[in-house]
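First comes the structure, then the notes that go with it.
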Amino acid sequence: MPSFDADSAEYAPIPAEEGWRHRRPGPPPRAPRHRAEAPKEPTITSTFSVSTLYAYSPMVSLTGELRMAPQMGFAFTGALGSNRAGDPTWDLGAGLDGYVIGNFARGVSIGAVLGASDLGVDPAIGSALTLTPRLGLKYTFDVPITVEVYGGVAIQPAEVALVVAPSLRAGLGFSF
Numbered sequence: 000m001p002s003f004d005a006d007s008a009e010y011a012p013i014p015a016e017e018g019w020r021h022r023r024p025g026p027p028p029r030a031p032r033h034r035a036e037a038p039k040e041p042t043i044t045s046t047f048s049v050s051t052l053y054a055y056s057p058m059v060s061l062t063g064e065l066r067m068a069p070q071m072g073f074a075f076t077g078a079l080g081s082n083r084a085g086d087p088t089w090d091l092g093a094g095l096d097g098y099v100i101g102n103f104a105r106g107v108s109i110g111a112v113l114g115a116s117d118l119g120v121d122p123a124i125g126s127a128l129t130l131t132p133r134l135g136l137k138y139t140f141d142v143p144i145t146v147e148v149y150g151g152v153a154i155q156p157a158e159v160a161l162v163v164a165p166s167l168r169a170g171l172g173f174s175f
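Just so you know, we're using numbering that gives the first Met the number 0 here: the sequence shown kicks off at 0 and counts up by one.
What follows is the structure, encoded as structure tokens:
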């Protein structure tokens, strides 16, 4: 019968009824795997921004967006200014944005805004409802500062035909 050395891994005791048995050393223990942590996206529920570039007119726009889901937001906007002729203009609207790439904090969105506006383009139109399908890009930095850019087409019904105009807005704001 072989001798047992407590420091040796060659022989180890097992239950008495089975006697001694040769034990082969197993593989070395595996080192724990460290997974690289993905950068955390900011968890924000709302953004508010100010823009001075709005529909190619000198207008000041205040925009807010509330997160309804990780990939969906409810937006509202208001703008005051003047057109190129110096006539006062205004715009109020609300809409939905769905984030098709990324999420509410950092992503690309497709959405639409329904609003009322008087952009002073045509005196025959006056105030009118406006539907603006748009594509947007939003980035929230680790500090709660957000940069937004939206572009689309503003569609206003008129007595004779639809008025279609480009819509562009870039904003800088805060996120909460």
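Using N, Cα and C, we set each Cβ at its ideal position, and we do this for glycine too.
All values reported here derive from a predicted model rather than from experimental measurement.
Which residue marks the beginning of the beta strand (DSSP E) containing residue i, and which one marks its end?
i: residue 169; result: 162–174
i: residue 146; result: 144–155
i: residue 132; result: 127–139
i: residue 32; result: Where residue 32 is concerned, there is no enclosing beta strand (DSSP E), given that its DSSP letter is neither H nor E.
i: residue 109; result: 105–117
CB-CB under 8 Å to residue i, same chain, minus the five flanking residues each way: which ones, in chain order?
i: residue 144; result: 171, 172, 173 and 174
i: residue 161; result: 154 and 155
i: residue 166; result: 54, 131, 133, 149, 150, 151, 152 and 153
i: residue 115; result: 90, 91, 92, 126, 127, 128 and 129
Can you tell me the Cα-Cα spacing of residue i and residue j, whole angstroms?
i: residue 82; j: residue 112; result: 21 Å
i: residue 127; j: residue 88; result: 12 Å
i: residue 169; j: residue 86; result: 23 Å
i: residue 45; j: residue 90; result: 21 Å
i: residue 67; j: residue 77; result: 20 Å
i: residue 103; j: residue 34; result: 26 Å
i: residue 163; j: residue 69; result: 32 Å
i: residue 43; j: residue 26; result: 48 Å
i: residue 61; j: residue 48; result: 6 Å
To which residues of the same chain is residue i closer than 6 Å at the C-beta, ignoring the five residues directly before and after it?
i: residue 71; result: 97
i: residue 138; result: 105 and 146
i: residue 136; result: 107 and 148
i: residue 64; result: 46, 72 and 74
Excluding sequence positions up to five away, which residues of its chain have a Cβ less than 7 Å from the Cβ of residue i?
i: residue 94; result: 74, 110, 111, 112 and 113
i: residue 180; result: Because residue 180 is not part of the residues shown, which for the chain are 0 to 175, the question remains open.
i: residue 79; result: 58, 59 and 89
i: residue 101; result: 107
i: residue 29; result: none
Report task. Scan the segment 63–95 and note each continuous beta strand (DSSP E) run of 3 residues or more that stays entirely inside, going in chain order. Result -> Qualifying beta strand (DSSP E) stretches, in chain order: 71–81.
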